[in-house]
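To keep things clear, I will list the structure first and then write my remarks on it.
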Ligand code: NAD
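In the working numbering, the protein residues as written are 83 to 373.
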């Protein structure tokens, strides 16, 4: 039996979408419809399902969305040209290129071609640089969603020891910077950290973003820790599970996120938030932190 308080990402995200509906309706009344372009290359089933979800979310809150599809054989120049066109369009405020991309295309080039003003995924080096220097900008959706979940359950961050397992550019690294910006003491662990438990046991807030089911058990955490499970794995029965042993860790933690229904829905909702933000900025006719 889980004694920890569940951080219900699904419910928090739903409440955020309800608020967003009102904001978008107001923007529409004032003449701006936030617009998101979603670029999908190929037919990877996971990517197709993510994209479908993103478009459904946009519809729900009233954001205009446009799906642009390319065959898996698309050339890099062709894809970059399309991004260039989207950069120029006034009705498109956010551009998302669903990753991963086929190997003839450089993800780095694609990300860097998206205008930083439309970088709603927050993966552009300018967005990451803004995050690092604590300037306003687009924060990658998963770390931003984690922050919002903690805020929703009133978990304070300043002065806490936050241990992040995983150092990807989309989750671990930006999450560590975001926590640092919120005055946490941050430790980043990764595949070469030994012994991992030595670090995870010191965490007041533990964020696990690895992609390995069962990586974190009850013996790996401090009693009363706040545990955020980013991992998404299929167990042998095909069930979606995180990186954390939910039941046993839930008996020792103070707060825990479930998988599914935790970080995933928050990630999705933050894309909408970033798109609305992009439209507001564009609407005001100013660039973020123009120097
Ligand atoms: P990734 O797959 O790019 O990298 C995994 C990271 O884990 C690496 O930094 C690596 O150093 C670290 N690692 C690997 N083995 C380890 C070990 N034994 N001990 C400690 N660290 C180890 O990472 P990612 O793209 O951030 O994805 C991580 C997981 O989070 C995946 O399961 C992914 O599906 C999931 N994810 C979920 C969401 C969501 O919205 N819920 C969003 C993004 C990613």
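Virtual Cβ for every residue (Gly too), placed ideally from N, Cα, C.
Within its own chain, the residues whose Cβ lies closer than 6 Å to the Cβ of residue 173, once the five positions on either side in sequence are excluded, are 117, listed in chain order. Separation of the CB atoms of residue 325 and residue 344 is rounded to 11 Å, and the pair is thereby denied contact status at 8 Å. When secondary structure is reduced to three states using DSSP, residue 259 falls in the helix class.
Secondary structure at residue 108: helix, using DSSP grouped into helix, strand and coil. Of the other Cβ atoms in all chains shown, fewer than 16 fall within 10 Å of the Cβ of residue 108; this residue is therefore exposed.
Under the 10 Å beta carbon count, residue 115 is surrounded by fewer than 16 other beta carbons and is classified as exposed. Its Cα nearest to that of residue 185, the residue 158 stands out among 158, 257, 217, 288. The closest heavy atom of the ligand NAD lies 7 Å or more from the beta carbon of residue 244. Under the three-state reduction of DSSP, residue 243 is assigned to strand. Restricted to the region 107–151, the beta strand (DSSP E) segments that are unbroken, complete and at least 3 residues in length are 117–123, listed in chain order. By the Cβ neighbour-count rule, residue 308 is buried, with 16 or more other Cβ atoms within 10 Å of its own.
When rounded, the separation of the alpha-carbon atoms in residue 245 and residue 349 is 20 Å. DSSP places residue 179 inside the beta strand (DSSP E), whose first and last residues are 176–179. Under the three-state reduction of DSSP, residue 297 is assigned to coil, being neither helix nor strand.
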